[in-house]
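Which chain is which? The protein sequence lines are W and H, in order.
Counting in this note's numbering, the first sequence runs from 106 upward without gaps.
Counting in this note's numbering, the second sequence runs from 563 upward without gaps.
One structure is given below, encoded as structure tokens.
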Amino acid sequence: MSSMNPLQTSRESGRHSLLVALGLFFLLLVVLLWSAGNGQAQSAVADAIPETVVTDVVHIQSGFEVPVRLHGLVESAQSTDVGFDVGGILSSLTVDEGDSVTRGQVLARLNTDRLQAQTQELNAALARAEANAELARISKDRVDELADRKLESGQRRDEVRAQLDAANAQVREIQAAIARVAVETDKSVLTAPFSGTIARRYVDEGATMTPPAAVFRVTNNQQLQVRFAVPADDIAYFDEDQRLEVQVGGRAYTGRVLRKLPLRSTQTRTVDLLVTFVSSPALFPGDMATITVTRDRPEQGAWLPVSALSNGLRGLWTVFVVNDDPANAQKAKISARSVEILYTDGQRAFVRGALQDNEQYVTGGTHKLSPGQLVSTTQRESQPEALQ
Amino acid sequence: MRASEHNYPWYTAFFRHGHLLALSIIIVLVAGLSALGTLPRLEDPRIDTRNALVITAYPGASAQRVEALVSDVLEDRLREIYEIKEIRSTSRAGISMLSIEMQDWVDNSNNEQLFSEIRDTIGAAANSFPDGVAAPVFDEKRGATAFTLLLGVKPVVSENTSLSMTGRLATELADRLRNVAGTELVRLYGEPDEEIIVAVSPTRLAATGLSLSEVSRQIRAADPKLPAGSLHTDASTLRFTLNDTLDGVAMLSAIPLRNADGRYLRVDDIADVYRGWQQPVADIGLVDGEQVVFVAARMQTTVRADRWTAAAIKAVEAFNDEFDGSVSADVVFQQNDYTEARLSELSGNLLLGSTVVMLVILLFMGLRAAWIVGLALPLCAAFALFSLSFFGEQIHQMSIFGMIIAIGLLIDNAIVITDEIRINLQNSSLTRVGAMSKSVSHLFVPLLSSTLTTILGFMPIFLLNGNIGDFIGPIAISVVMALIGSLFISLTIIAALAARFLPRHGETQARWWRQGLQTPNLSQAFRRQLGGWIKRPLLVLPLVFIFCSSGFMLSGQLPNVFFPSADRNQFELYLWTKEGSNISQTQNYARQVGTVIREQPGVAQVSWLVGGSAPSVYYNQVMLRDNAPNFANAVITTETVKQASDLIDDLQQTLSQQFPDTQIIVRAFGQGPPIAAPVEVEIIGPDLATLNQLGQQVRQVMSTVPGISQSTASITMGEPELSVNADSDTVSYLGLTLSDLANQLQVNFSGMLGGSVLESTEEIPVRVRFGDEARGDLGQVGSAPLTSPALNQQTPWVALNAVSDIALVPSISGITRLSGERLNRVQAFLYPGVPAVDASNLLREKLAAELSLPDGYRLHLAGDADEQQQALGQLATYAPVLLVLMITTLILTFLSLRMAAVIILVAGLSVGLGMFSLWISGLPLGFNPLLGSAGLIGVAINGSIVVIAAICANPDARKGDTRSIVQETMGCSRHILSTTFTTVGGLIPLLLFSEGTFWPPLAVVLAGGVGFSVILSLVFTPTLVALFMRRAHAAGTDDERRTALN
């Protein structure tokens, strides 16, 4: 740089323009690079933003009610198989399945030809016996007269008296046989034992009946009852004559507890409960009926929505409780409390555990929370309608 | 000329034979053009399939049972295959999912073989499954690949068209799309599993004394879809067919059933028979609030996206015409729009870059030289394009980006050779061919060595394998091929053109466009300044050194991400409802959230898949979730990219506050290899309860890390389970066993399949179950009727709660394992714009401070940070070899260790300059800048190589003579400045006009690094070399020779 003086000025100007050129080059490069990154640089990391949660207040209750649904089958109070207690060939059936019958109505008849023939035979025998008896009486009268006049011996008189007794006895015997046949004729007509409906017909005309065989099943529709198999624990909730609502096929009827059977079924571990209807509904035996009873459970606890429960261990559930710090409502800390579910209906659960009255708990979105996390809370305004 | 033909080397043939020159140009151009026309066009490179899924259903089994009996068995077998890198399994109630990842070196050429081996292994493992486990399904088509076309099929009259009908027509459409040439696969999402439902009324069934399974058995028995033999007569063979097969609802409802009393009744006496679909459905598709069935099609990589899309759309239009009025198939997404936009944007950048480069050359070298040099651009581009097909590559944003980087690099060779020939032409003692021959022979070694070092700089990227290599590798392929092309084309065609057409006797007073811009004043000033600097090495060297290294420190302040998010007018949203939620509950939330989103400005479309991952519309959106009723995935499309990024910012906050009962994550699509979550902690250990507890602790720590919005854990105890505590004594009184009880519950509440109905080609299974009125309510579970043959006529069933206690207990929602060990995967998601690696590092510190692990448990941080480490590790695999190669090249070039060491130092300092440039831009540090640095080294040292070569060639300069060194440096300055300006100029479009955050970091490092590196090549290198030379000279003539030879 130390050189001749006359060149000094041109050197100075050259140096300046070099500096300007270099400066310009690097300035342009910097501007180019800066504008490449401008607006695309990553934003600075914001503070951790607390999760928003909705809270509600715990209301501790001293008990709750559990609805229990029981199913039973509708059955007839009176329902019987009717049949002949004598054998024979079925000659006619006067009713068929589904027919209503009144008490005493003829349902079926057996063929009585043989009985009629027997009757005639017996009538003839009776006539002969009566004729014999008449002859015996006449003989006795005559022998009595003669004996009074001492024309006959006492021996003879005793004989004719005995003959008369025997003849009368024979008449009575035949009369009894006639009566028996008459009864038997009556028995070959089947009548309804009570008013009801023919539920079933087992045989057809012409069948040969042997005594225990049933011809019809007659049931009483007016007198329906429901047999509920109640778990033994719940039977205490029912009293005799208690009125309750019975659901059959989506409709409600009023029922009355008829009786609790004092036997426990060995198979089902249940006790049968018989309920009759107060009115006479148009139902059919075999329909399924449902009753709902509320079971009182005297347990200390609180109702929570199921969505408030999360992530438990060993059968226990976790509820997040917001530590109440009025100074810092937007940065409250949540803590996990273990609870056990005593009952749930799918939407709500009655829980027991480390909860106190009037504590704030998180109602939903618990799957994104972890214990000790900071949250900002909003109070649940009203009972929100369930999503659906 | 003609006489001395034999004395000239071969490359002068291009000069001597005009036909050869013209034809070579034409051949290269035609090859490039034909490659342009035939190469497949995609948006993003296709990542080779290295991932596969094995899905095995085990209906009704708990997570633990599925883990022990299915997942574990499969894992043990599969772990014997050594090509498998890792196996992740998720065992949930009723289903086991194994996600298999192959080794990184597995690629498309050998994966099919491996897949069939895996299939065989799975088949063998399936033999040891217990009864009731369905056959495992192997799905290897779930790579990181987007669908090319996504259609939503929806009914025109939605209130009267059943979902199952829409589903059938969607299946028809899928079949038609499969027939379009070039279709790889077509999948349906949100279609119902059609079935005919026999909904038995428990009331009516009870009266008959039949059980549900008995009904099902009898229906199955009434279906003679069996061959019935044939009759062989002398003349012919006649087949028997039973006509009375199940062929519809009417037929089915007329099937006679026989009860224990021998009485006959018909199916419809006790049941409602109707056409329906399996409830609850597996997934539900929604587009803008309307339920649709998604038909997703992907094309093969061998066709062009635009041509395939046109053909597919034609098929869709034909379908729409045919079923006009019944259903309509609307395009939800077509990749081609994006492919075209992306490719045309990049091609625009490419053209713009070329234009800038041409202007720079015009400025430096004048008009005639500019067109000769400029011709190198299309020629090299054509060569590179043509060579892409040899690598099985396609035209996509990575390969085009490679071209853009290459513009600035490949032009260097052409500039240097043209400039040298121009100078030699001034020498009137040389003929034109002589000038060419002299220049080429003089420059051959330096050009080869500088090209080789640049190629070696890009080689780590070229050699990367695995997902990241598939993704980023094509950049290097383009660059390397363009550079190789450039070397050969410059030494032959360009040299010949320059020798033929450059002016022979340049006038000194020529206009600037003839000779290029001349600034003698500046040159003179710089010459003097440089002389001053060279004399004061102790001041200059530390200053330059400190300036360059400052980049390393300053860049430490930058945010650190693996890859920036994608810039797209689409983003996705995850929604989780509580574990154990029903899909319809999740759908309700999804619809509500969708309505809120659609009200936002600029939202064009919201498409949902409830119950699983949405069909992928972006290569980075991997479908990881199946059969997840408490999960919904939305893809939101906005009108502009800007609106999308604004919405991502807003929605995360808005939605989280508005829907506190759900977990919502709004996430921009990522770039680079797909990563499930940006921050991930894997807790590995044996006990589920402890893992769950540790997971909660980690999540608590995560909630204190700024920037983390939400977190999820893969093992939680949050799924509610109804536990039926039946006493086996009590049950045995009923004449039942506990397994009978389980069966009855299964049949009563889930139903069972009995036979199937054939309708044309559709086979529809028949499901026998209780009607909805008896199975949809938790309150009714207790009164569920159990039947038993031991029960009498009067009470034909007994309620479930009479023999058992029912309790709602929390259970394991799923068990995740990694290579046979249980692990709780805690994933955290970030607010938009939060750098993942930084968040991950912060979390690591906090975890180390706050979490103490019990014995037998360990933590592993996964996510972006881990992936970045792995990718860097891979880059480093070949680094030593390449470094040695590079040094070898340098030593062989200069025949001097010292000079090679100077270059290595320059290489290191140039990376510092790149980092300094990044710091100026404020863009985040990440994988792209590191890639840029690898490339930068190769480029930035070229200037210094040229300077050292020139100095070494001058005997005076070798003696450390300042004037000669300045003289030689000045001689190179034109090359160096012009190549620097062309490199920076070529990247200007990417720096300024590329939308988004993906390319700028890479371009900034390259452009800034190369730009600033003129300090290194024109100041640092001559100063340092002069220092060495002076020392060597001072040490004596004897030592001089030895030093030079060392």
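Just so you know, even glycine gets a beta-carbon here, dropped at the ideal spot from N, CA and C.
Assuming Thr1200(H) and Gly1164(H) form a contact by the criterion Cβ under 8 angstroms, report the distance between their Cβ atoms to the nearest whole angstrom. 5 angstroms
Counting along the chain, where does the alpha helix (DSSP H) carrying Gly1093(H) start and finish? 1082-1097
Can you find a CB in chain W that lies within less than 8 angstroms of the CB of Leu1553(H)? yes
According to a CB-to-CB cut-off of less than 9 angstroms, which residues of the region 157-186 of chain W neighbour chain C? Absent here is chain C; the protein component of the structure consists of chains W and H.
Give the secondary structure of Thr1139(H) by DSSP, where H, G and I count as helix, E and B as strand, and everything else as coil. coil
For a quick check, are the C-beta atoms of Glu1242(H) and Gln1389(H) less than 8 angstroms apart? yes
Where Glu1141(H) meets chain W, residues with beta-carbon distance less than 7 angstroms: His472
Give the straight-line distance between the Cα atoms of Leu129(W) and Arg984(H), rounded to the nearest whole angstrom. 29 angstroms
C-beta neighbour in chain W for Leu1485(H), strict 8 angstroms: yes
With 16 as the cutoff for other CB atoms within 10 Å, does Glu1069(H) come out buried or exposed? Summary for Glu1069(H): the model assigns pLDDT 49, below 50, so the residue's position carries little reliability, and this model does not support an answer.
For a cutoff of 8 angstroms on Cβ pairs, would you count Trp408(W) as touching chain H? no
Cβ of Val1165(H) within 8 angstroms of any chain W Cβ: no
Would you please verify whether the beta carbon of Phe1574(H) is less than 8 angstroms from any beta carbon of chain W? yes
Alpha-carbon spacing of Ala1502(H) relative to Ile967(H), whole angstroms: 13 angstroms
Quick check: Leu1045(H) and Leu937(H), are their CB atoms within less than 8 angstroms of each other? no
Per DSSP, what kind of secondary structure is Glu1324(H) in: helix, strand or coil? strand
Cβ of Phe1391(H) within 8 angstroms of Cβ of Ile1227(H)? yes
May I ask you to report which of helix, strand or coil DSSP gives Lys255(W)? coil
Inter-residue CB distance, Ala413(W) and Thr468(W) (contact presumed, cutoff 8 angstroms): 5 angstroms
By the DSSP assignment, the alpha helix (DSSP H) with Pro1036(H) in it spans what residues? 1028-1051
Write down the C-beta distance between Phe1088(H) and Leu123(W) rounded to the nearest angstrom, noting that I regard them as a contact closer than 8 angstroms. 5 angstroms
Alpha-carbon to alpha-carbon, Val1155(H) and Gly1484(H): 35 angstroms
Whose C-beta lies closer than 8 angstroms to the C-beta of Gly1113(H) among residues of the same chain, with five residues either side of it excluded? Val1473, Gly1474, Leu1475, Gly1476, Met1477, Phe1478, Ser1479, Leu1480, Trp1481
Between Asp1032(H) and Ile609(H), how many whole angstroms is the CB-CB distance? I'm expecting something under 8 angstroms. 4 angstroms
Beta strand (DSSP E) segment containing Asp186(W), residue limits: 184-187
Closer than 8 angstroms between beta carbons: that is the criterion. Which residues of the region 1169-1189 of chain H meet it against chain W? none
Got a sec, what are the start and stop residues for the beta strand (DSSP E) Phe1345(H) sits in? According to the sequence displayed, residue 1345(H) carries Ser and not Phe. Taken as a continuous stretch (DSSP letters only), Ser1345(H) belongs to no beta strand (DSSP E), as it is neither H nor E.
The beta strand (DSSP E) spanning Met659(H) covers which residue range? 657-664
Three-state secondary structure assigned by DSSP to Asp246(W): helix
Threshold first: 4 residues or longer. Then list the alpha helix (DSSP H) segments lying entirely within the region 852-885 of chain H, N to C. 867-884
Since Ser763(H) and Ala833(H) should fall inside the 8 angstroms C-beta cutoff, what is the C-beta to C-beta distance between them, to a whole number of angstroms? 7 angstroms
Taking the beta carbon of Val592(H) as the centre, do at least 16 other beta carbons fall within 10 Å, making it buried, or is it exposed? exposed
Below-8 angstroms beta-carbon distance, Ala1087(H) vs any chain W residue: yes
Measuring CB to CB, does Thr217(W) end up less than 8 angstroms from Ser293(W)? yes
On a Cα-Cα basis, can you pick out the residue from Trp839(H), Ala873(H), Gly1269(H) that is closest to Ile154(W)? Gly1269(H)
Option nearest Trp1613(H) by Cα separation, candidates Glu734(H), Ile962(H), Leu1053(H), Ala976(H): Residue coverage of chain H in this structure runs from 563 to 1608, which leaves residue 1613(H) outside it and unanswerable.
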